[in-house]
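Per my numbering, the sequence shown starts with residue 14, numbered consecutively.
Even glycine gets a Cβ: it sits at the ideal position worked out from N, Cα and C.
All figures in this text were calculated on a predicted structure; none of them were measured in a lab.
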Amino acid sequence: MANYELVFDLGSQYISAGLKSDGFIDKIPSVVAYGESKQISAVGLDAVNLSRTNPSVKLAHPILEGAAIDSDGVKALASALIKRLISQRINVFNRFLVTCTVPCGMISGDKKNIESIFLALGARQVTFVETPVADSVKLFAEFRARHGLVVNLGCECADFAVVYGGGIVAGCTLYYAGKHLTEAICKRLSAKYMSKVPFDQAEYLKTNCASLYPNDTTAVSVTSRNTQNGLAETLNVTSKELYDTVVEFVTQYVKIIESLLSSIPQEIVSSVKAEGVMLCGGGAKLAGLDLFLQNELGIPVRVASRPEYVSIEGAMAWVK
(Lines of atoms letter the chains of each structure in order from A and count residues from 1; the text may use other names and numbers.)
(Lines give C-alpha, C1' and ligand atoms only; values in the text may rest on other atoms or scores of the structure.)
Protein backbone atom coordinates (compact mmCIF):
# COMPACT_ATOMS: atom_id res chain seq x y z
CA MET A 1 0.00 0.00 0.00
CA ALA A 2 1.38 3.40 -1.02
CA ASN A 3 1.31 6.19 1.55
CA TYR A 4 1.65 9.77 0.45
CA GLU A 5 2.02 12.87 2.59
CA LEU A 6 0.61 15.98 0.95
CA VAL A 7 0.87 19.57 2.16
CA PHE A 8 -1.66 22.25 1.21
CA ASP A 9 -1.77 26.03 1.52
CA LEU A 10 -5.25 27.35 0.74
CA GLY A 11 -4.94 30.93 -0.46
CA SER A 12 -7.72 33.06 -1.89
CA GLN A 13 -5.58 33.79 -4.97
CA TYR A 14 -3.66 30.52 -5.29
CA ILE A 15 -3.91 27.07 -3.78
CA SER A 16 -0.52 25.40 -3.38
CA ALA A 17 0.33 21.77 -2.68
CA GLY A 18 3.49 19.78 -2.15
CA LEU A 19 4.51 16.14 -1.96
CA LYS A 20 6.70 15.37 1.05
CA SER A 21 8.58 12.44 -0.51
CA ASP A 22 10.22 14.45 -3.30
CA GLY A 23 9.67 18.07 -2.24
CA PHE A 24 7.77 18.90 -5.44
CA ILE A 25 5.43 21.91 -5.14
CA ASP A 26 2.66 22.95 -7.51
CA LYS A 27 0.08 25.72 -7.42
CA ILE A 28 -2.97 26.85 -9.38
CA PRO A 29 -5.22 29.92 -9.22
CA SER A 30 -7.99 29.53 -6.62
CA VAL A 31 -10.78 29.86 -9.15
CA VAL A 32 -13.33 27.46 -10.62
CA ALA A 33 -15.66 27.77 -13.62
CA TYR A 34 -19.33 26.89 -13.36
CA GLY A 35 -21.25 26.09 -16.54
CA GLU A 36 -24.92 26.67 -17.31
CA SER A 37 -25.83 23.45 -15.51
CA LYS A 38 -24.11 24.83 -12.38
CA GLN A 39 -21.55 22.04 -12.61
CA ILE A 40 -17.83 22.75 -12.34
CA SER A 41 -16.39 22.65 -15.85
CA ALA A 42 -12.79 23.76 -15.19
CA VAL A 43 -10.44 24.81 -12.40
CA GLY A 44 -7.45 27.08 -12.04
CA LEU A 45 -5.96 28.62 -15.17
CA ASP A 46 -8.19 26.45 -17.35
CA ALA A 47 -11.20 28.07 -15.69
CA VAL A 48 -9.87 31.56 -16.39
CA ASN A 49 -9.19 30.72 -20.04
CA LEU A 50 -12.61 29.10 -20.45
CA SER A 51 -14.36 32.21 -19.14
CA ARG A 52 -12.67 34.28 -21.84
CA THR A 53 -14.08 32.16 -24.65
CA ASN A 54 -17.42 31.15 -23.16
CA PRO A 55 -19.60 34.00 -21.83
CA SER A 56 -22.01 31.57 -20.16
CA VAL A 57 -19.28 30.41 -17.77
CA LYS A 58 -19.29 31.97 -14.31
CA LEU A 59 -16.07 32.17 -12.32
CA ALA A 60 -16.14 31.58 -8.57
CA HIS A 61 -13.49 31.96 -5.87
CA PRO A 62 -14.18 29.15 -3.36
CA ILE A 63 -11.67 30.29 -0.73
CA LEU A 64 -12.30 33.43 1.30
CA GLU A 65 -9.98 34.62 4.07
CA GLY A 66 -8.43 31.16 4.28
CA ALA A 67 -11.79 29.43 4.73
CA ALA A 68 -13.62 27.18 2.27
CA ILE A 69 -16.84 28.99 1.39
CA ASP A 70 -17.60 26.68 -1.56
CA SER A 71 -16.80 23.08 -0.58
CA ASP A 72 -17.36 21.72 -4.09
CA GLY A 73 -15.04 24.33 -5.55
CA VAL A 74 -12.27 23.65 -3.04
CA LYS A 75 -12.71 19.92 -3.53
CA ALA A 76 -12.29 20.34 -7.31
CA LEU A 77 -9.16 22.46 -6.87
CA ALA A 78 -7.60 20.09 -4.34
CA SER A 79 -8.48 17.07 -6.46
CA ALA A 80 -6.76 18.62 -9.49
CA LEU A 81 -3.58 19.22 -7.51
CA ILE A 82 -3.62 15.73 -5.99
CA LYS A 83 -3.80 14.22 -9.47
CA ARG A 84 -0.89 16.39 -10.60
CA LEU A 85 1.23 15.44 -7.59
CA ILE A 86 0.46 11.72 -7.53
CA SER A 87 0.57 9.94 -10.86
CA GLN A 88 -1.02 6.70 -9.60
CA ARG A 89 -4.77 6.51 -9.11
CA ILE A 90 -5.97 7.16 -5.58
CA ASN A 91 -7.99 4.26 -4.22
CA VAL A 92 -8.75 2.45 -0.99
CA PHE A 93 -5.33 0.77 -1.08
CA ASN A 94 -3.52 4.00 -1.89
CA ARG A 95 -4.40 6.60 0.73
CA PHE A 96 -2.69 9.81 1.71
CA LEU A 97 -2.13 12.10 4.67
CA VAL A 98 -2.78 15.84 4.45
CA THR A 99 -1.22 18.73 6.32
CA CYS A 100 -2.89 22.08 5.69
CA THR A 101 -1.90 25.59 6.75
CA VAL A 102 -4.59 27.75 8.36
CA PRO A 103 -4.66 31.35 9.66
CA CYS A 104 -3.85 31.50 13.36
CA GLY A 105 -7.26 33.06 14.00
CA MET A 106 -9.33 30.42 12.18
CA ILE A 107 -12.26 29.03 14.13
CA SER A 108 -12.74 25.30 14.67
CA GLY A 109 -15.82 25.16 12.44
CA ASP A 110 -13.84 26.34 9.42
CA LYS A 111 -11.14 23.77 10.16
CA LYS A 112 -13.77 21.03 10.35
CA ASN A 113 -15.09 22.07 6.96
CA ILE A 114 -11.63 21.85 5.38
CA GLU A 115 -11.01 18.52 7.08
CA SER A 116 -14.25 17.07 5.67
CA ILE A 117 -13.25 18.14 2.15
CA PHE A 118 -9.94 16.27 2.27
CA LEU A 119 -11.48 13.22 3.95
CA ALA A 120 -14.05 13.08 1.15
CA LEU A 121 -11.18 13.09 -1.36
CA GLY A 122 -9.64 10.04 0.31
CA ALA A 123 -7.33 11.48 2.93
CA ARG A 124 -6.66 9.14 5.82
CA GLN A 125 -5.88 11.96 8.23
CA VAL A 126 -5.83 15.77 8.13
CA THR A 127 -3.45 17.80 10.28
CA PHE A 128 -3.46 21.57 10.59
CA VAL A 129 -0.49 23.86 11.13
CA GLU A 130 -0.97 27.53 11.86
CA THR A 131 0.44 29.66 9.07
CA PRO A 132 2.90 31.64 11.26
CA VAL A 133 4.38 28.39 12.61
CA ALA A 134 4.87 27.04 9.08
CA ASP A 135 6.26 30.39 7.97
CA SER A 136 8.69 30.50 10.87
CA VAL A 137 10.33 27.24 9.81
CA LYS A 138 11.24 28.71 6.44
CA LEU A 139 11.96 32.25 7.62
CA PHE A 140 14.11 31.26 10.60
CA ALA A 141 16.17 28.99 8.35
CA GLU A 142 16.66 31.75 5.77
CA PHE A 143 17.58 34.44 8.30
CA ARG A 144 19.34 32.12 10.77
CA ALA A 145 16.99 33.12 13.56
CA ARG A 146 15.54 31.14 16.47
CA HIS A 147 12.56 33.37 17.13
CA GLY A 148 10.98 36.59 15.95
CA LEU A 149 7.82 38.28 14.78
CA VAL A 150 6.41 36.61 11.67
CA VAL A 151 4.10 38.58 9.38
CA ASN A 152 2.33 36.96 6.43
CA LEU A 153 0.58 39.47 4.16
CA GLY A 154 -1.86 37.67 1.91
CA CYS A 155 -4.66 38.75 -0.40
CA GLU A 156 -7.56 38.82 2.06
CA CYS A 157 -5.98 38.30 5.46
CA ALA A 158 -2.72 38.97 7.24
CA ASP A 159 -1.24 36.81 10.01
CA PHE A 160 0.91 38.33 12.75
CA ALA A 161 2.61 36.21 15.39
CA VAL A 162 5.51 36.21 17.80
CA VAL A 163 7.00 32.74 17.38
CA TYR A 164 9.26 31.59 20.20
CA GLY A 165 10.36 28.10 21.14
CA GLY A 166 8.58 26.61 18.14
CA GLY A 167 5.16 27.97 19.07
CA ILE A 168 3.05 31.11 18.93
CA VAL A 169 3.40 33.27 22.04
CA ALA A 170 1.05 35.98 20.75
CA GLY A 171 -0.69 36.28 17.42
CA CYS A 172 -3.71 37.41 15.48
CA THR A 173 -5.29 37.31 12.05
CA LEU A 174 -6.29 40.63 10.50
CA TYR A 175 -8.80 40.51 7.65
CA TYR A 176 -7.26 43.58 6.05
CA ALA A 177 -4.71 42.74 3.40
CA GLY A 178 -3.73 43.07 -0.26
CA LYS A 179 -7.24 43.12 -1.69
CA HIS A 180 -8.23 45.92 0.66
CA LEU A 181 -5.26 48.04 -0.41
CA THR A 182 -6.32 47.57 -4.03
CA GLU A 183 -9.84 48.70 -3.11
CA ALA A 184 -8.40 51.74 -1.31
CA ILE A 185 -6.47 52.66 -4.46
CA CYS A 186 -9.69 52.40 -6.50
CA LYS A 187 -11.48 54.67 -4.03
CA ARG A 188 -8.65 57.20 -3.98
CA LEU A 189 -8.49 57.54 -7.77
CA SER A 190 -12.26 57.65 -8.11
CA ALA A 191 -12.44 60.58 -5.70
CA LYS A 192 -9.59 62.47 -7.36
CA TYR A 193 -10.36 61.93 -11.04
CA MET A 194 -14.09 61.15 -11.02
CA SER A 195 -13.12 58.03 -12.91
CA LYS A 196 -13.83 54.37 -12.12
CA VAL A 197 -10.65 52.27 -12.20
CA PRO A 198 -11.31 48.52 -12.65
CA PHE A 199 -10.04 46.28 -9.87
CA ASP A 200 -7.48 44.58 -12.13
CA GLN A 201 -6.05 47.96 -13.15
CA ALA A 202 -5.81 49.04 -9.51
CA GLU A 203 -4.09 45.73 -8.78
CA TYR A 204 -1.58 46.57 -11.52
CA LEU A 205 -0.98 49.95 -9.90
CA LYS A 206 -0.45 48.33 -6.51
CA THR A 207 2.18 46.02 -7.95
CA ASN A 208 3.96 48.43 -10.27
CA CYS A 209 3.41 51.90 -8.84
CA ALA A 210 2.41 51.89 -5.16
CA SER A 211 5.41 52.59 -2.96
CA LEU A 212 6.41 53.55 0.57
CA TYR A 213 9.38 55.52 -0.72
CA PRO A 214 8.22 59.16 -0.37
CA ASN A 215 10.36 60.35 -3.28
CA ASP A 216 9.50 57.54 -5.69
CA THR A 217 8.97 59.04 -9.17
CA THR A 218 7.37 56.00 -10.80
CA ALA A 219 4.42 56.73 -13.10
CA VAL A 220 2.07 54.14 -14.60
CA SER A 221 -0.81 54.48 -17.06
CA VAL A 222 -4.07 52.58 -16.57
CA THR A 223 -7.44 52.58 -18.29
CA SER A 224 -10.57 53.74 -16.48
CA ARG A 225 -14.08 55.03 -17.16
CA ASN A 226 -15.14 58.59 -16.51
CA THR A 227 -18.07 58.56 -14.09
CA GLN A 228 -19.54 61.79 -15.50
CA ASN A 229 -19.65 61.03 -19.23
CA GLY A 230 -19.16 57.24 -19.20
CA LEU A 231 -16.26 57.39 -21.65
CA ALA A 232 -13.10 55.31 -21.39
CA GLU A 233 -9.97 57.26 -20.55
CA THR A 234 -6.34 56.79 -19.61
CA LEU A 235 -5.01 57.89 -16.25
CA ASN A 236 -1.33 58.55 -15.66
CA VAL A 237 -0.84 57.74 -11.98
CA THR A 238 2.29 58.48 -9.95
CA SER A 239 3.63 56.82 -6.83
CA LYS A 240 3.36 60.11 -4.96
CA GLU A 241 -0.40 60.18 -5.61
CA LEU A 242 -0.77 56.80 -3.94
CA TYR A 243 1.70 57.39 -1.10
CA ASP A 244 -0.76 58.67 1.51
CA THR A 245 -3.18 55.82 0.76
CA VAL A 246 -0.45 53.21 1.18
CA VAL A 247 0.90 54.80 4.37
CA GLU A 248 -2.58 54.89 5.90
CA PHE A 249 -3.01 51.22 5.03
CA VAL A 250 0.33 50.03 6.41
CA THR A 251 -0.01 52.11 9.58
CA GLN A 252 -2.62 49.57 10.71
CA TYR A 253 0.08 46.91 10.55
CA VAL A 254 2.41 49.03 12.65
CA LYS A 255 -0.25 49.24 15.37
CA ILE A 256 -0.81 45.47 15.33
CA ILE A 257 2.91 44.72 15.60
CA GLU A 258 3.37 47.20 18.46
CA SER A 259 0.40 45.66 20.26
CA LEU A 260 1.80 42.13 19.94
CA LEU A 261 5.23 43.19 21.19
CA SER A 262 3.65 44.84 24.23
CA SER A 263 1.69 41.69 25.06
CA ILE A 264 4.50 39.11 25.23
CA PRO A 265 6.37 38.14 28.43
CA GLN A 266 8.93 40.77 29.42
CA GLU A 267 11.76 38.23 29.58
CA ILE A 268 11.63 37.55 25.82
CA VAL A 269 10.90 41.07 24.53
CA SER A 270 14.53 42.08 23.97
CA SER A 271 15.49 38.90 22.12
CA VAL A 272 12.37 39.04 19.92
CA LYS A 273 13.02 42.69 19.08
CA ALA A 274 16.65 41.89 18.28
CA GLU A 275 15.56 39.40 15.61
CA GLY A 276 12.81 41.77 14.49
CA VAL A 277 10.05 41.30 11.95
CA MET A 278 10.19 38.79 9.10
CA LEU A 279 7.81 39.41 6.20
CA CYS A 280 6.34 36.94 3.74
CA GLY A 281 3.27 36.53 1.54
CA GLY A 282 2.58 38.39 -1.69
CA GLY A 283 1.95 41.66 0.15
CA ALA A 284 5.53 41.65 1.45
CA LYS A 285 6.66 42.71 -2.03
CA LEU A 286 5.16 46.19 -1.64
CA ALA A 287 7.97 48.60 -2.51
CA GLY A 288 9.65 50.10 0.56
CA LEU A 289 7.55 48.17 3.08
CA ASP A 290 10.52 46.79 5.01
CA LEU A 291 12.24 50.15 5.42
CA PHE A 292 9.00 51.91 6.35
CA LEU A 293 8.21 49.38 9.07
CA GLN A 294 11.79 49.47 10.30
CA ASN A 295 11.68 53.25 10.68
CA GLU A 296 8.29 53.17 12.41
CA LEU A 297 9.07 50.27 14.76
CA GLY A 298 12.76 50.83 15.42
CA ILE A 299 13.60 47.13 15.00
CA PRO A 300 15.00 45.08 12.09
CA VAL A 301 12.57 44.16 9.31
CA ARG A 302 13.46 41.59 6.65
CA VAL A 303 11.64 40.23 3.60
CA ALA A 304 11.88 36.59 2.50
CA SER A 305 13.66 35.97 -0.80
CA ARG A 306 10.56 34.24 -2.21
CA PRO A 307 7.78 35.63 -0.01
CA GLU A 308 4.84 34.03 -1.83
CA TYR A 309 6.30 30.51 -1.37
CA VAL A 310 7.19 30.75 2.32
CA SER A 311 4.00 29.15 3.67
CA ILE A 312 3.99 26.06 1.48
CA GLU A 313 7.76 25.56 1.72
CA GLY A 314 7.66 26.14 5.48
CA ALA A 315 4.81 23.67 5.89
CA MET A 316 6.75 21.10 3.84
CA ALA A 317 9.74 21.54 6.13
CA TRP A 318 7.50 21.41 9.22
CA VAL A 319 6.11 18.03 8.11
CA LYS A 320 9.60 16.67 7.56
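Checklist entry - Mapping DSSP to helix, strand and coil, what is Val71? => result In the sequence as displayed, the identity of residue 71 is Lys instead of Val. Lys71 falls in the strand class under three-state DSSP.
Three-way DSSP call (helix, strand, coil) for Val285 in this model
Val285 sits in a helix when the DSSP states are folded into three classes.
- What is the DSSP secondary structure of Cys293, counted as helix, strand or coil? Looking at Cys293 - three-state DSSP - the assignment turns out to be strand.
Would the beta-carbon of Pro75 fall within 9 Å of that of Gly57? Not in contact: Pro75 and Gly57 (Cβ atoms no closer than 9 Å).
What number of angstroms, rounded off, separates the C-alpha of Leu202 from the C-alpha of Pro42? C-alpha of Leu202 to C-alpha of Pro42: approximately 28 Å in a straight line.
*asked:* Taking 6 Å as the limit between beta carbons, can you name the residues of its chain near Glu78, skipping five residues before and five after?
replied: If we look at Glu78 and ignore the five residues flanking it on each side, its Cβ neighbours are Glu169, Cys170, Tyr188.
| query | According to DSSP, which residues form a beta bridge with Val314? | reply | Under DSSP, the beta-bridge partners assigned to Val314 are Val290.
Along the alpha helix (DSSP H) that carries Arg157, what are the first and last residues, could you check? Counting along the chain, Arg157 falls outside any alpha helix (DSSP H), and DSSP gives it neither H nor E.
- Which residues bound the beta strand (DSSP E) around Ile38? Counting along the chain, Ile38 sits inside the beta strand (DSSP E) bounded by residues 37 to 42.
Using a Cβ-Cβ cut-off of 6 Å (strictly less than) and excluding sequence neighbours within five positions of Lys33, which residues of its own chain qualify?
-> Only Glu18, Val332 meet the Cβ criterion.
Grouping DSSP H, G and I as helix and E and B as strand, with all else coil, what is Val235? Here Val235 sits in strand by DSSP.
For a quick check, are the C-beta atoms of Val290 and Gly118 less than 9 Å apart? When the beta-carbon positions are compared, Val290 and Gly118 stay at least 9 Å from each other.
(message) With distance defined between alpha-carbon atoms, name the residue in Gly184, Arg315, Arg319, Lys205 nearest to Leu248.
(response) Comparing alpha-carbon positions, the option among Gly184, Arg315, Arg319, Lys205 lying closest to Leu248 turns out to be Lys205.
*Reducing DSSP to helix, strand and coil, say where Gly57 ends up.*
In the three-state DSSP reduction, Gly57 falls in the helix class (H, G or I).
Candidates Ala245, Pro227, Ser252, Asn242: closest to Val233 by CA position: It is Ser252.
Review point. If we count the other Cβ atoms within 10 Å of its Cβ and call it buried at 16 or more, is Asn165 buried or exposed?
Key: Its Cβ being crowded by 16 or more others within 10 Å, Asn165 is buried.
Query raised in the report: Among Gly294, Ser272, Val70, Lys40, which one has its Cα closest to the Cα of Gly184?
Result: Nearest C-alpha to Gly184: Ser272.
TODO: Identify whether Cys185 lies in helix, strand or coil by the three-state DSSP scheme.
DONE: Looking at Cys185 - three-state DSSP - the assignment turns out to be strand.
For the stretch 187 to 214, which segments carrying the alpha helix (DSSP H) assignment without a break, of at least 4 residues, lie completely within its bounds, in sequence order?
You should have 191 to 206.
Out of curiosity, what's the CA-to-CA distance linking Arg319 and Ala190? In a straight line, the C-alpha of Arg319 is about 18 Å away from that of Ala190.
- Task: Using three-state DSSP, classify Asn249 as helix, strand or coil.
- Result: Three-state result, Asn249: strand.
Practice task
Just grab the DSSP bridge partners of Leu19 for me.
Solution key: In the DSSP assignment, the residues bridged to Leu19 are Leu32, Val111.
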